[in-house]
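Here is the structure we will look at.
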Amino acid sequence: MKVDLFDFDLPRECIAEHPANPRDSARMLDLTGGQTHDRIVRELPEILRPGDLLISNDTRVIPARLFGKRGDAGIEVTLHKQEGLAQWRAFAKPAKKLRVGETFKVADDFEAEVMEKKDGGEVLLRFNVAGADLIAALEKYGVMPLPPYIRRDKGGDHQDRSDYQTIFAQHDGAVAAPTAGLHFTPELLAAIDARGIARRTITLHVGAGTFLPVKVDDTEDHKMHAEWGSISPEIASLINETRAKGGRVVAVGTTSLRLLESAAREDGVVEPFENETDIFITPGYKFRAVDMLLTNFHLPRSTLFMLVSAFAGFERMKAAYGHAIENKYRFYSYGDCSLLECASKIEKS
C-alpha cells in the first residue's frame, strides 16, 4: 500500500508533553460496538466483560539516551537493541563523527568502542562494563529516551524517570515505553480484578526503531527493526483457554499485540515464544490472537497507524482520528488512547 494513504495533518497543540494526572483520568475514545463514545480510561472495566483476559507488556525502559564525546566532538546516542552483555546497537547523532575503532566517552568510568557502522546513523557499541554493571551505568549517566516529538532540555526531566514507566514494568531492556500501559493505576487494576477480568503480562523489549519514520513510498519496501519478546507456556495456555471459553483477549498496546500475533498459529492458537520478531502489520492482515486493543494515538505515516488501521478498519480509523483531533484528544506517548475491536472478527460474528 502507498504510505501516503496513512498521512494526516496533526496540530502541534495535540501532542502531549506530559501524561494525565492521575494516569487513569486520560481520555479514551471507545470505538467498540460500532459506536463512537468519548470516555476516560477509568471506565475500561465497565466495557470489558468477566472472562476477558487483559495482556500487558512488562518490559522496563532503561535510560538509553547518552551524551558523550569522541575527542572534542559532542555526540548523542540512543541504544535500541542489545547484542550481548556489553554490546548494543544504537543510533548516533551526528554519526559521521564516529568511526570504527574509536571511543565514545560518556564519563571517566563509562565509555564504548565503535565496533561497526551501518546506514541511517546506526552503530554497534561495546561498552567497558557489562550486564548489571552496564545497566547501573545507564541509570547513572543516561537520560530516558523520550521520543523526539516530546520537547525536553538536553538533560531531560527527572519526572520522566517515573512518568515514562508503566505500572507493569519488571524486565530491563526497552528503550521506548509500551505507552498504552502508562494509563494504568493500582485503583484501575483493582477495579479490573473486581470485575472478573483476568490479567497477565508478556515481555517485548521495545526498540527505538518504533519511532523511525517510514521513508519508502510503499509499505512493501519498509523493513521493521527486530525486537526480542517472550510469552511463557503458562500464559500461552491461559490465552487459548480464555478464547475457548468465549472470553476475549484484550491487548494493552501495539507491542503486546505484535508479540501475540507473532506467537499465534494460523488457527489462532498461541504458542510459547522466546525469540525476536519483526512483524509488520498493514491492512489486509488476518488477526489470529487478539480481539480488542487499547492503544494511544499514533504518528501520521507510522507503522503503528498502519497497524491500528489494519485492526479496526482503515476508514474507521481515519474517521476516529478526525474525531480525536476535532475534540482535542492528546496524541502520542503521553497522550490519550482509544479502545478498538478487531474489524475482521466483528464481521464474522
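Its first residue numbered 1, the sequence shown is counted upward by one per residue in the working numbering.
Glycine included, C-beta positions come from ideal geometry on N, C-alpha and C.
Note that the coordinates shown come from a computational prediction; the quantities given were computed from them, not determined experimentally.
Measure the alpha-carbon distance for residue i versus residue j and round it to whole angstroms.
{"i": "residue 71", "j": "residue 63", "result": "23 angstroms"}
{"i": "residue 217", "j": "residue 7", "result": "12 angstroms"}
{"i": "residue 340", "j": "residue 244", "result": "21 angstroms"}
{"i": "residue 279", "j": "residue 20", "result": "31 angstroms"}
{"i": "residue 320", "j": "residue 14", "result": "15 angstroms"}
{"i": "residue 247", "j": "residue 260", "result": "16 angstroms"}
{"i": "residue 333", "j": "residue 169", "result": "16 angstroms"}
{"i": "residue 151", "j": "residue 40", "result": "25 angstroms"}
{"i": "residue 195", "j": "residue 47", "result": "10 angstroms"}
{"i": "residue 275", "j": "residue 27", "result": "34 angstroms"}
{"i": "residue 178", "j": "residue 59", "result": "8 angstroms"}
{"i": "residue 50", "j": "residue 197", "result": "5 angstroms"}
Residues in the same chain with beta-carbon distance under 7 angstroms from residue i, minus the five sequence neighbours each way, listed in chain order, please.
{"i": "residue 257", "result": "251, 290, 293"}
{"i": "residue 10", "result": "300, 325, 331"}
{"i": "residue 2", "result": "217, 218"}
{"i": "residue 271", "result": "236, 263, 265"}
{"i": "residue 149", "result": "15, 332"}
{"i": "residue 114", "result": "98, 99, 100, 101, 102, 104, 123, 125"}
Where does residue i fall in DSSP's three states?
{"i": "residue 232", "result": "coil"}
{"i": "residue 93", "result": "strand"}
{"i": "residue 275", "result": "strand"}
{"i": "residue 304", "result": "helix"}
{"i": "residue 41", "result": "helix"}
{"i": "residue 349", "result": "At residue 349 the pLDDT is 47, less than 50, meaning the model places this residue with poor confidence and gives no usable figure here."}
{"i": "residue 225", "result": "coil"}
{"i": "residue 115", "result": "strand"}
{"i": "residue 269", "result": "coil"}
{"i": "residue 8", "result": "coil"}
Looking only at its chain, what residues have a beta carbon closer than 6 angstroms to the beta carbon of residue i, apart from the 5 residues adjacent to it on each side?
{"i": "residue 128", "result": "111"}
{"i": "residue 306", "result": "6, 282"}
{"i": "residue 145", "result": "64, 65, 78, 175"}
{"i": "residue 309", "result": "283, 317"}
{"i": "residue 81", "result": "89, 207"}
{"i": "residue 225", "result": "207, 209"}
If residue i and residue j are in contact, beta carbons under 8 angstroms, what's the gap, nearest whole angstrom?
{"i": "residue 140", "j": "residue 67", "result": "About 13 angstroms; that fails the 8 angstroms criterion."}
{"i": "residue 277", "j": "residue 315", "result": "That belief does not hold up - the Cβ atoms of residue 277 and residue 315 are roughly 28 angstroms apart, past 8 angstroms."}
{"i": "residue 38", "j": "residue 187", "result": "Not really, about 21 angstroms apart at Cβ, beyond 8 angstroms."}
Quick one: what's got a C-beta closer than 8 angstroms to residue i's C-beta in the same chain, skipping five residues either side?
{"i": "residue 268", "result": "243, 288, 289"}
{"i": "residue 249", "result": "52, 53, 55, 239, 242, 243, 260, 289, 290, 291, 292"}
Quick one: what's residue i bridged to in DSSP?
{"i": "residue 336", "result": "Bridge partners of residue 336: none, in fact."}
{"i": "residue 171", "result": "59"}
{"i": "residue 52", "result": "Answer is none; residue 52 lacks a bridge partner."}
{"i": "residue 68", "result": "75"}
{"i": "residue 341", "result": "292"}
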